[in-house]
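Trainee:
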Amino acid sequence: MHIGLRIFFGFFLIVGLATVLTLRVFVQEVKPGVRQAMEDTLIDTAHVLAALAADDLKAGRIADGAFARHMAALREVPVNAEVSGLHKDSIGYRVYVTDADGIVRFDSTGTDVGRDYSRWNDVYLTLRGKYGARSTRADPADEASTVMHVAAPVRDVDSNGERIIGVLTVAKPNAAMAPFIARSQRKILLYGGLLIGTACVIGLACTLWLMHGLSRLRGYARAVAAGERAEMPLRGAGELAELGRAVQGMRERLEDKQYVEHYIHTLTHEMKSPLAAIGGAAELLQEEMPAADRQRFVANIRTQSGRLETMIRKLLALAEVEQRQRLEVREPVALAPLLAQLCAELEPRARQRGVALQCEAGTEAGHVAGDPFLLRQAIANLLDNAIDFAPPGTAVTVRLERRGDALAIAVADQGPGIPDYALPRVFERFYSLPRPHGADKSTGLGLCFAREVATLHHGDVTLANRPGGGALAELVLPAA
Numbered sequence: 001m002h003i004g005l006r007i008f009f010g011f012f013l014i015v016g017l018a019t020v021l022t023l024r025v026f027v028q029e030v031k032p033g034v035r036q037a038m039e040d041t042l043i044d045t046a047h048v049l050a051a052l053a054a055d056d057l058k059a060g061r062i063a064d065g066a067f068a069r070h071m072a073a074l075r076e077v078p079v080n081a082e083v084s085g086l087h088k089d090s091i092g093y094r095v096y097v098t099d100a101d102g103i104v105r106f107d108s109t110g111t112d113v114g115r116d117y118s119r120w121n122d123v124y125l126t127l128r129g130k131y132g133a134r135s136t137r138a139d140p141a142d143e144a145s146t147v148m149h150v151a152a153p154v155r156d157v158d159s160n161g162e163r164i165i166g167v168l169t170v171a172k173p174n175a176a177m178a179p180f181i182a183r184s185q186r187k188i189l190l191y192g193g194l195l196i197g198t199a200c201v202i203g204l205a206c207t208l209w210l211m212h213g214l215s216r217l218r219g220y221a222r223a224v225a226a227g228e229r230a231e232m233p234l235r236g237a238g239e240l241a242e243l244g245r246a247v248q249g250m251r252e253r254l255e256d257k258q259y260v261e262h263y264i265h266t267l268t269h270e271m272k273s274p275l276a277a278i279g280g281a282a283e284l285l286q287e288e289m290p291a292a293d294r295q296r297f298v299a300n301i302r303t304q305s306g307r308l309e310t311m312i313r314k315l316l317a318l319a320e321v322e323q324r325q326r327l328e329v330r331e332p333v334a335l336a337p338l339l340a341q342l343c344a345e346l347e348p349r350a351r352q353r354g355v356a357l358q359c360e361a362g363t364e365a366g367h368v369a370g371d372p373f374l375l376r377q378a379i380a381n382l383l384d385n386a387i388d389f390a391p392p393g394t395a396v397t398v399r400l401e402r403r404g405d406a407l408a409i410a411v412a413d414q415g416p417g418i419p420d421y422a423l424p425r426v427f428e429r430f431y432s433l434p435r436p437h438g439a440d441k442s443t444g445l446g447l448c449f450a451r452e453v454a455t456l457h458h459g460d461v462t463l464a465n466r467p468g469g470g471a472l473a474e475l476v477l478p479a480a
């Protein structure tokens, strides 16, 4: 399973279980909580009414006295109230009063007067000075028909002290609280669902953010493993950015070691030939020889030392470019004027070799974002390469053209082309083909330099044979 899915499902499982368990506790506690609140209210009501009924019960007129008249009138009082969105239109209390023997002497419903309630918990416990309450089903077969009964003692206070002369019980059906309980449970479930949904959205957003960083870091690691030039994609002080910097540091240390080993090997190999030529000429110059021969050997030393100097200079330039991870200078560069200027500068060299240099850059406004110095050097290397391989009497053509969102610089010559065995190696360091007119081989660094510059500018450079003969070098760069 994808790591992002594992993270999300793990987050969802933890949050979901925690939320479900919490909601379950809340939902289960709603019903007893509401009933406990109702019981507390019934206790207060029972004690108030017991105090009001005491005189009538003591005088023996509880059934038709002032208390009974007030209770009868209370049942006729209209009620019109909205309680938390629920309509209330009647008083839901039932009140009954028993004497000291537990016989019902008053019942607000008029149904149980004269009955013996002495064994019901509310009456039995209250007559003995304890808190009396009970919850009894009105219909034994219906669990929802339970009625809560809360009692208070009716006391007589005289010179002999205080004594309990009866019990007043206030009863209220639990079903009266059912709409409030159901409404509270629905709200808890609704907000719980919203909480889970919000947590899922937040978890998904965090997972996507984390996976985006991991995906970019994975792409960077793959590019490093493939030997590509890649810029570390993460910034900041987070753990992923720290991991990316660690990968970058490891890459740089490994590349530095490989880079030095490779360059020492290749540079040693390439320097053998000019150093051997210089050493041979120096030994011969120690002997007596004609002046003409001496001048020829001195010229050979100068040529080989110049070749070494050029190789070292270009090698340093290439090494500096290869070590860059990004462009340090990025500004708009107009390619048409740059090509025209380069062609003008290289025209004398081309004329010396009998080659015509034709620039077809035109005046089209074509700009790229990049380092003008590096671009100039890369294009100059392509032109130098074409001039070196162009036979006398032929032309080197330079064209600038737009290709969609890119600008392409094409340098074509009419030389012998590139042998098939050399095509895969033309961009390797120090790889150089013999010039057709017998001139010395180049350092083999120019095309490699051009490729590195193209990569830094997110472009590409290619070298291939033309169908009609000759070679075609193309530098393609994204347009600004």
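The opening residue of the sequence shown carries number 1 in UniProt numbering; numbering runs sequentially from there. Don't be surprised by glycine CBs; every beta carbon is placed ideally from N, CA and C.
Going by DSSP, what residue range makes up the alpha helix (DSSP H) through Leu383?
Mentor: The residue you call residue 383 lines up with position 383 of the sequence shown. Note, Leu383: alpha helix (DSSP H), Pro372 to Phe389.
Trainee: Here's the rule: buried if 16 or more other CB atoms are within 10 angstroms of the residue's CB, otherwise exposed. What is Met289?
Mentor: For the purposes of this step, residue 289 is taken as the residue at position 289 of the sequence shown. Exposed, by the Cβ-count rule.
Trainee: Along the chain, where does the beta strand (DSSP E) that runs through Thr98 open and close?
Mentor: By one-based count along the sequence shown, residue 98 stands at place 98. Run containing Thr98: Arg94 to Asp99, per the beta strand (DSSP E) assignment.
Trainee: Do you know whose CA, among Arg61, Met148, Val20 and Pro337, lies nearest Leu190's CA?
Mentor: Taking the sequence shown and counting its residues from 1, one reaches residue 190 at position 190. The residue with the shortest Cα to Cα distance from Leu190 is Val20.
Trainee: Using 8 Å as the cut-off, can you tell me whether the stretch 459-478 makes contact with the stretch 345-356, which would need three or more C-beta pairs spanning the two stretches below that distance?
Mentor: No, because fewer than three Cβ pairs between the stretch 459-478 and the stretch 345-356 fall closer than 8 Å, the two stretches do not touch.
Trainee: Starting from Gln352 and walking both ways along the alpha helix (DSSP H), at which residues does that stretch end?
Mentor: Position 352 of the sequence shown holds residue 352. Here the alpha helix (DSSP H) through Gln352 covers Leu335 to Gln352.
Trainee: Once DSSP output is grouped into helix, strand and coil, what is the label at Lys58?
Mentor: Position 58 of the sequence shown, counting from 1, holds the residue named residue 58. DSSP places Lys58 in helix when its eight states are reduced to three.
Trainee: If you count every other CB in all the chains shown that lies within 10 Å of the CB of Pro348, and 16 or more means buried, which is it?
Mentor: As a working note, residue 348 is residue 348 in the sequence shown. Exposed: under 16 other Cβ atoms inside 10 Å.
Trainee: Here's a check: name, in chain order, each residue in its chain whose Cβ is nearer than 8 Å to the Cβ of Arg330, leaving out the five neighbours to either side.
Mentor: Start at 1 with the first residue of the sequence shown, and residue 330 comes out as number 330. The residues are Ala369, Gly370 and Asp371.
Trainee: Whose CA, out of Ala454, Val150 and Val15, lies closest to the CA of Cys200?
Mentor: As a working mapping, residue 200 is identified with position 200 in the sequence shown. Closest by alpha carbon: Val15.
Trainee: DSSP three-state label for Asp288, please.
Mentor: Mapped onto the sequence shown, residue 288 falls at position 288. In the sequence on display, residue 288 carries Glu and not Asp. Coil.
Trainee: If Phe449 and Gly203 are in contact, beta carbons under 8 Å, what's the gap, nearest whole angstrom?
Mentor: Numbered from 1 along the sequence shown, position 449 holds the residue referred to as residue 449. Numbered from 1 along the sequence shown, position 203 holds the residue referred to as residue 203. In fact, because the Cβ distance is near 50 Å, the residues do not count as touching under 8 Å.
Trainee: Taking the C-alpha atoms as reference points, what is the distance between Ala282 and Ala299?
Mentor: The residue you call residue 282 lines up with position 282 of the sequence shown. The residue you call residue 299 lines up with position 299 of the sequence shown. One C-alpha to the other measures close to 11 Å.
Trainee: Is Ile91 buried or exposed, if buried means 16 or more other CB atoms sit within 10 Å of its CB?
Mentor: In the sequence shown, the residue the question calls residue 91 occupies position 91. That one is exposed.
Trainee: Opposite Arg222 in the DSSP bridges: which residues?
Mentor: Within the sequence shown, the letter at position 222 stands for residue 222. Arg222 is not bridged to any residue.
Trainee: Under DSSP, the alpha helix (DSSP H) around Gly166 begins and ends at which residues?
Mentor: Residue numbering aside, residue 166 sits at position 166 when the sequence shown is read from its first letter. Gly166 -> not in any alpha helix (DSSP H); beta strand (DSSP E) instead, spanning Gly161 to Pro173.
Trainee: Span of the beta strand (DSSP E) holding Thr455?
Mentor: Translated into the one-based positions of the sequence shown, residue 455 becomes position 455. Segment Gly446 to Leu456 is the alpha helix (DSSP H) holding Thr455; no beta strand (DSSP E) there.
Trainee: Start and end of the alpha helix (DSSP H) containing Asp122?
Mentor: Numbered from its first residue, the sequence shown carries residue 122 at position 122. Where Asp122 is concerned, the enclosing alpha helix (DSSP H) stretches over Asn121 to Leu127.
Trainee: Specify, as a first and last residue, the run of the beta strand (DSSP E) that Arg155 falls within.
Mentor: Along the sequence shown, one-based indexing puts residue 155 at 155. Thr146 to Asp158 is the extent of the beta strand (DSSP E) around Arg155.
Trainee: Can you name the residues that DSSP bridges to Pro332?
Mentor: Locating residue 332 in the sequence shown gives position 332, counting from the first residue. Answer by DSSP bridge pairing, in chain order: Ala369.
Trainee: Using the beta-carbon count (16 or more within 10 Å), is Phe373 buried or exposed?
Mentor: For the purposes of this step, residue 373 is taken as the residue at position 373 of the sequence shown. Its Cβ having fewer than 16 others within 10 Å, Phe373 is exposed.
Trainee: Report yes if the C-beta distance between residue 493 and Ile165 is below 8 Å; otherwise report no.
Mentor: Only positions 1 to 480 of the chain appear in this structure, which leaves residue 493 out of reach.
Trainee: When DSSP labels each residue in this structure, what does Glu309 get in the three-state scheme?
Mentor: On the sequence shown, residue 309 is found 309 positions in, with the first residue counted as 1. Residue state, collapsed to three classes: helix.
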